[in-house]
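Reading the sequence shown from the start, the letters are residues 40 to 1196 in the working numbering.
Glycine is no exception: its CB is placed at the ideal position from the N, C-alpha and C atoms.
As the structure is a prediction and not an experimental result, all values here were calculated from the model.
Data first, discussion second: the structure below is written as structure tokens.
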Amino acid sequence: MNYYNGFIITENAMTSKQEKHGALTFGLDIGIASVGWAVLGESRIVDLGVRCFDKAETAKEGESLNLTRRMARLLRRRLRRRAWRLTKLARLLKREGLIADANLFKHKIEKNTPVPKSSWQLRVDGLDRQLNAEEWARVIYHLCKHRGFHWISRAEEKAAEGDSKGEGGKVKQGLAGTKKLMQEKSYRTAAEMVLAEFPDAQRNKQGDYSKALSRILLGDELKALFEHQRKLGNPVATEKLEAAILGNGDKKCGLFWAQNPALAGNKLLEMLGRCTFEKTGGDDGKGEYRAPKASFSAERHVWLTHLNNLRIVVDGTTRPLNEAERRVALPMPYQQAGDLSYKQLGGALIKEGFLQKDGFKFAGLPYPTKQASEEKAKDPETSVLCKLPAWHTLRKTLEKHGLESEWQKLSTDALDGKPQLLDNIAWVLSVYKDDDEVKTELGKLNLPNTEKMIDALLDIRFDKFSNLSLKALSKIVPFMEQGQRYDEAVANIPEYGHHSQLHKVGAGEHKYLPPFYKERDKTGRMVFNDDMDIPRNPVVLRALNQARKVVNALIKEYGSPHEVHIEMARDLSRPLDERRDIEKLQKEFGERNKKDKELFAQDFNIVGTVKGKQFEKYQLYREQQGKCIYPSMDEKQGICCYSLKPLDLHRVLYEEGYAEIDHALPYSRSFDDSKNNRVLVLAKENRDKGNRTPFEYLGDKDNSEPWRQFVAFVEGNKAYRLAKRSRLLRKDFGDKEAKEFRERNLNDTRYICKFFKNYVEQYLQLHEDSEAKRCVVLSGQMTSFLRARWGLVKVRGDSDRHHALDAAVVAACSHGMVKRLSDYSRRKELEQVREGFVDVDTGEIVNPAMFQQVQEHFPNPWPHFRDEVKLRLSIDDPTLLRSEMEKFGTYTPESLEALRPLFVSRAPQRRNSGAAHKDTIYAQPKRLVAQGGVTQKVALSSLTLKDLDKLIDPHRNERLYAAIRARLEQHGGKGDKAFPASNPLRKPDSEGNPTGPIVRGVTMVIDKLSGIPIRGGIAKNDSMVRVDVFTKANKFHLVPVYVHHSVLGLPNQAIVGGKEESEWTQIDDSFDWHFSIYPNDLIRVTLKQEGRFGYYAGCDRSTAAIHLWAHDRNQQVGKDGLIRSIGVKTALSIEKFNVDVLGNRYPAPPEKRRDLA
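See below:
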């Protein structure tokens, strides 16, 4: 069965893949939803491919996939607990003789029966007359069911005060409003106030909390009602019943107050993680608990991290703060009234005389290149350098309560190295939520002015925890206070170590990379391997886990590698909103660049494609024009960046050898090919400069006149970014600085990259002949540079194959390649220097003749690498691929036989769980059941004119619908403008006057809706889990399976195009079962005229057609690579294949039809 024009691999091919390939290098390009991979031998590509998977986040909001499930689960739990509380209340009322049936409150009012008096009115009546048993039961039930809002702590109530736009703030305002009405008008109870103030509607609607009532207020009402009923002689208003409902007065017990406490105390500690380093301490010996982020030590650690990593740029030199500057900066966040900005720190350093005004910049800030013509660009130095939210919250709270001296003592002790008391306060306020618990725990601390201090601290609660414990921070922070970075501080603690200190490099003991999880807990959840310090970001974790699977599959296929090279997407760990901002900026830049090219081609009469190098010269020419400095200069002239001589634009563009693009910091010494390091210079100046920096060329460390002129030009050019200005004006670029620059531009040093690098180094056993000890993590800049120089064009939108291209480039960038690249760049920089030129890199006098021995062309991994990559990426026919590869002469007959075209592997989605149906339940009146219709309540603000014809019972609501139509027509059919909250619509009376109640929504009829019957209505099906395939009489039949079928049982109705579900084909024993198809299962459909081969994308239940993804999402086959509407009923065959991680395809074995449970 291993066939299909070579697409399906054979056993012979599998065997031949185990041959000796020589030294192998694995290259990985790890992205958010893909892992490109390549295996390179010494002179050929052994294999390459792409593994794709779904991002571990929601597509729209970028939230955790678990968030929706968790919120739904919490809501179900809350509703279940509420229902159980009310059930217990009804049973209590029955036992006490108030009602005969505990289900009384669940009964609906039958037609043609008198409508009972409202519970609100009974609550008012109960103050002045004796209620009968059932009325009294209804009052109690009504109050316990609608028991108002209750703050679980003073701190929660205080937090809502500053959230006027959020829901908590609106509730707070509503509670204050109703409380004020009670006091001003002396109402006896809440019900009396509500009926008097809000006679038309007593409940809050659509985010309006003006009628919000406090649970304390309603509790007082219920207590008052018990007292009044006893005075009025009600025999069932007993003190025993009151105690069972209202409890003992602690506002915690009793059915009225009953509420599960917030996650706090010991329950919270059960969920709290343990310290990264202190793994054996703690009360239970399982490790120290993580420290609250609000603790002084944790905030100190964050501030010291920012401070020790801070860099300033002075005279083009980037440096950290010196010791004297650090002494000024260190106490500043604690002395501020709020957050510390870069500008405030800079001002303090200028005031102390350490820095000159306008003589420095902060590295990493987005300083504007130009000032906008109409409005001034925002000063980047106003951004926040450091926040100490907990410190300032504590300070403000204690000072507000007149505890200034107590705060002074606490803060002084903490800053003097004794933070234990402040840390303990933060621990209590983070772990405990209930006011009584907080009082008890704070009482155990040796607080100054204890009673008053505890009362003040009740206004505060903290959450969130660090990865480190207070014990670990007490060891690490002192080293960081000395100026050491976090990793340096940890390395100084023998029992900790950090990153590379955790293991001996190259000493991996596993042939395959081990899982990130060590076991499952008793609930079935995966438990992380704590020894690995695994990132918890779900997007990152899924990407790294898929990369792990790829590496293990490659090892199983080809054996242990000699080297592993990795590149990671820059946005891998960024949240969705940041990634969207980046995409937006990239799109804007691309459009602007395209527009500039069109204008450039138009201005210079260029026909056809604009040459990239020519356009870049034009861009650099414009950037260096400096109009404000040379206002009278002819517009056809720019400035040479080094000599400051005018440049003739026509000669720049069309005369070879007149002007060249140079790297300000020589590429051979910096490996920096970014635009921030590229300038346009006269060819003579470029040759004279050689492999020197501008300062080494112009200043020669003597602050010469040419250097001063150059500095004035660079600093005066507002088109230059800070990063470019820093490179041009850099003075110190010795061996140490150059090495750091090369390392930074060669290697990706982000945390997530370090984690995976160390993970591979620690656990993976390389080939026994390998001399490599470290996993190489390349920067995107380096791979982009090599890709461009090797002529490998990447078009992201065309298909997913470009991930394999990147992986091949990453794999090819070996240490040897870096050395060849450096030698080539040095040769290009020095090949035409004058006699006697001293090589800055070596200190030797350069002999130009020696460079004749160095290769002329840019180094390639091997001579035909570019062509081989392009062919391996583009050819889908196995025979043609083997024929083309044979021409290179580097493939053995066995390796040619094993060759297969690139086939993108996609992770299947064989999940049987999820939401059973959509949240909205549509009502289905009896008269609409036959036709399958439903009704839906629609807000007036969302109505359009075309919706008016679908409104229910138009003959009964003519005046109302006419008024709605008139409003919509007046406002152009826009419901949000026609029905604002400030101008509500009232229902017209019989005379057409708007005197009736406010109308906020109307009921619309939907003629047909398929779904699940729920509580007398219909809910739409959620996503289809799979489709089951049957055949009969040479025709294929598709049965869609949804999550709710795990309860109802597997369906046996096959889709019939254009028919209602009730008319679908019934599957019986006369049908033959084939298989189930899940999303991303590989399917081949053979039709009479053609065949379709791709990953299953979905099924259209209205047409019985399926959709397939092209394996590489090639845009040429359809939008986003989707092949739509493939009719399968009359197909000649439908075949299913399994695809492994590397894209090998196998016919799926026979399978049984399985239940979802």
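Neighbourhood of residue 930 by C-beta, 7 Å cutoff - its chain only, sequence neighbours within 5 removed: As a working mapping, residue 930 is identified with position 891 in the sequence shown. Around residue 930: 83 and 924.
What number of angstroms, rounded off, separates the C-alpha of residue 744 from the C-alpha of residue 736? Your numbering for residue 744 matches position 705 in the sequence shown. Your numbering for residue 736 matches position 697 in the sequence shown. Here the alpha carbons of residue 736 and residue 744 stand approximately 12 Å from one another.
In terms of residue numbering, what span does the beta strand (DSSP E) encompassing residue 164 cover? Here residue 164 refers to the residue found at position 125 of the sequence shown. Here residue 164 belongs to no beta strand (DSSP E); instead the alpha helix (DSSP H) covers 158–164.
Measuring CA to CA, which of 754, 728, 980 and 601 is closest to residue 810? By 1-based counting over the sequence shown, the position of residue 810 is 771. Nearest option by C-alpha distance: 601.
Rounded to whole angstroms, how far is the Cβ of residue 330 from the Cβ of residue 450, which I believe are closer than 8 Å? The residue labelled residue 330 in the question sits at position 291 within the sequence shown. The residue labelled residue 450 in the question sits at position 411 within the sequence shown. In fact, because the Cβ distance is near 18 Å, the residues do not count as touching under 8 Å.
Alpha carbons only, please: which of 710, 837 and 724 is nearest the one belonging to residue 9? Since the first residue of the chain shown is 40 and the last is 1196, residue 9 is not available in this structure.
Is residue 948 helix, strand or coil by DSSP? As a working note, residue 948 is residue 909 in the sequence shown. Coil, per DSSP.
Please report the residue range of the beta strand (DSSP E) in which residue 1130 lies. Mapped onto the sequence shown, residue 1130 falls at position 1091. Its beta strand (DSSP E) spans residues 1130–1139.
Residue-level contact to chain C via CB, residue 361, 8 Å cutoff: Judged by its chain identifiers, the structure shown contains no chain C, having just a single protein chain.
Per the DSSP calculation, residue 1051 is bridged to which residue(s)? Here the question's residue 1051 lines up with position 1012 in the sequence shown. Secondary-structure assignment with DSSP links residue 1051 through a beta bridge to 1058.
If you compare alpha carbons, which of 597, 632, 371 and 574 is closest to residue 61? In the sequence shown, residue 61 corresponds to position 22, counting from 1. Nearest C-alpha to residue 61: 597.
Have a look at 1105, 939, 191 and 1053 and flag the residue whose alpha-carbon is nearest the alpha-carbon of residue 473. Within the sequence shown, residue 473 is the residue found at index 434, counting from 1. Closest by C-alpha distance to residue 473, out of 1105, 939, 191 and 1053, is 191.
Kindly indicate which three-state DSSP category residue 535 falls into: helix, strand or coil? Here residue 535 is taken as the residue at index 496 of the sequence shown, counted from 1. Here residue 535 sits in coil by DSSP.
Between the beta-carbon of residue 1071 and the beta-carbon of residue 1108, is there less than 8 Å? Translated into positions along the sequence shown, residue 1071 becomes position 1032. Translated into positions along the sequence shown, residue 1108 becomes position 1069. Cβ atoms of residue 1071 and residue 1108: not closer than 8 Å.
Please list the segments of the beta strand (DSSP E) lying wholly inside the segment 49–137, counting only runs of 3 or more residues, in order along the chain. Listed in chain order, they are 64–69, 73–79 and 84–91.
Neighbour-count burial assignment, residue 896, 16 or more Cβ in a 10 Å radius: The sequence position of residue 896 within the sequence shown is 857, counting from 1. A residue is called buried once 16 or more other Cβ atoms fall within 10 Å of its Cβ, and residue 896, having fewer, is exposed.
Please report the distance separating the alpha-carbon of residue 357 from that of residue 767. Your numbering for residue 357 matches position 318 in the sequence shown. Your numbering for residue 767 matches position 728 in the sequence shown. A direct Cα-to-Cα measurement between residue 357 and residue 767 gives close to 12 Å.
With a Cβ-Cβ cutoff of 8 Å, do residue 340 and residue 512 count as a contact? Residue mapping note: residue 340 aligns to position 301 of the sequence shown, counting from 1. Residue mapping note: residue 512 aligns to position 473 of the sequence shown, counting from 1. Taking the C-beta atoms as reference points, residue 512 is found nearer than 8 Å to residue 340.
Grab me the residues of residue 1170's own chain with a C-beta within less than 7 Å of its C-beta, minus the 5 sequence neighbours each way, in chain order. As a first step, residue 1170 is located in the sequence shown; it is residue number 1131 there, counting from the start. For residue 1170, same chain residues with a beta-carbon under 7 Å away, outside a window of 5 residues either side, are 1075, 1124, 1125 and 1126 in chain order.
Can you tell me whether residue 332 is buried or exposed, with buried defined as 16 or more other CB within 10 angstroms of its CB? Taking the sequence shown and counting its residues from 1, one reaches residue 332 at position 293. A residue is called buried when at least 16 other Cβ atoms come within 10 angstroms of its Cβ; residue 332 meets this threshold and is buried.
Residue 703 to residue 659 span [Cα, whole Å]: Here residue 703 refers to the residue found at position 664 when the sequence shown is read from its first residue. Here residue 659 refers to the residue found at position 620 when the sequence shown is read from its first residue. Each residue's alpha carbon lies about 13 Å from the other.
Between residue 831 and residue 905, what straight-line distance do the alpha-carbon atoms span, to the nearest angstrom? The residue given as residue 831 occupies position 792 in the sequence shown. The residue given as residue 905 occupies position 866 in the sequence shown. C-alpha of residue 831 to C-alpha of residue 905: approximately 7 Å in a straight line.
Mapping the DSSP letters down to three states, classify residue 1040 as helix, strand or coil. In the sequence shown, residue 1040 corresponds to position 1001, counting from 1. The three-state secondary structure of residue 1040, taken from DSSP, is strand.
By Cβ distance below 8 Å, which residues in the same chain neighbour residue 404 in space, the five residues on each side in sequence not counted? The residue labelled residue 404 in the question sits at position 365 within the sequence shown. The beta carbon of residue 404 sits closer than 8 Å to the beta carbons of 381, 419, 420, 422 and 761 from its chain, once the five residues preceding and following it are set aside; these are given in chain order.
Whole angstroms are fine: how far does the CA of residue 90 sit from the CA of residue 1182? Along the sequence shown, one-based indexing puts residue 1182 at 1143. Along the sequence shown, one-based indexing puts residue 90 at 51. Pairing residue 1182 with residue 90, the inter-Cα distance amounts to about 8 Å.
Of the residues 987, 856, 1138 and 826, which one's Cα is nearest the Cα of residue 843? Locating residue 843 in the sequence shown gives position 804, counting from the first residue. Residue 826 is the option with its Cα nearest to residue 843.
Where the alpha helix (DSSP H) through residue 767 begins and ends: Sequence index remark: in the sequence shown, residue 767 carries index 728 (1-based). Residues 761–768.
Burial state of residue 1034 (16 or more Cβ within 10 Å): Numbered from its first residue, the sequence shown carries residue 1034 at position 995. That one is exposed.
Using 8 Å as the threshold, is the C-beta distance between residue 63 and residue 78 below it? By 1-based counting over the sequence shown, the position of residue 63 is 24. By 1-based counting over the sequence shown, the position of residue 78 is 39. In this structure, residue 78 lies closer than 8 Å to residue 63 by Cβ.
Looking only at C-alpha atoms, which of 509, 1082, 490 and 1186 sits nearest to residue 1061? For the purposes of this step, residue 1061 is taken as the residue at position 1022 of the sequence shown. The shortest C-alpha separation from residue 1061 is found at 1082.
Report the option in 592, 194 and 249 whose CA atom is closest to the CA atom of residue 219. The residue you call residue 219 lines up with position 180 of the sequence shown. Per the Cα distances, 249.
May I ask you to verify whether the segment 310–327 touches the segment 479–498, counting CB pairs closer than 8 Å and requiring at least 3? Not touching, per the Cβ criterion.
Check whether the segment 952–968 and the segment 1141–1150 touch, using three or more Cβ-Cβ pairs below 8 Å as the test. The segment 952–968 vs the segment 1141–1150: no contact.
Residues in its own chain within less than 7 Å of residue 254 by CB, not counting five upstream and five downstream? Here residue 254 is taken as the residue at index 215 of the sequence shown, counted from 1. Closer than 7 Å at Cβ, skipping near neighbours: 186, 187, 188 and 189.
For residue 1043 and residue 974, I'd like the C-alpha separation in whole angstroms. As a position in the sequence shown, residue 1043 is number 1004, starting the count at 1. As a position in the sequence shown, residue 974 is number 935, starting the count at 1. Cα-Cα distance, rounded: 5 Å.
Is residue 331 helix, strand or coil when you go by DSSP? Taking the first residue of the sequence shown as position 1, residue 331 is located at position 292. DSSP places residue 331 within a strand segment (E or B) once states are collapsed to three.
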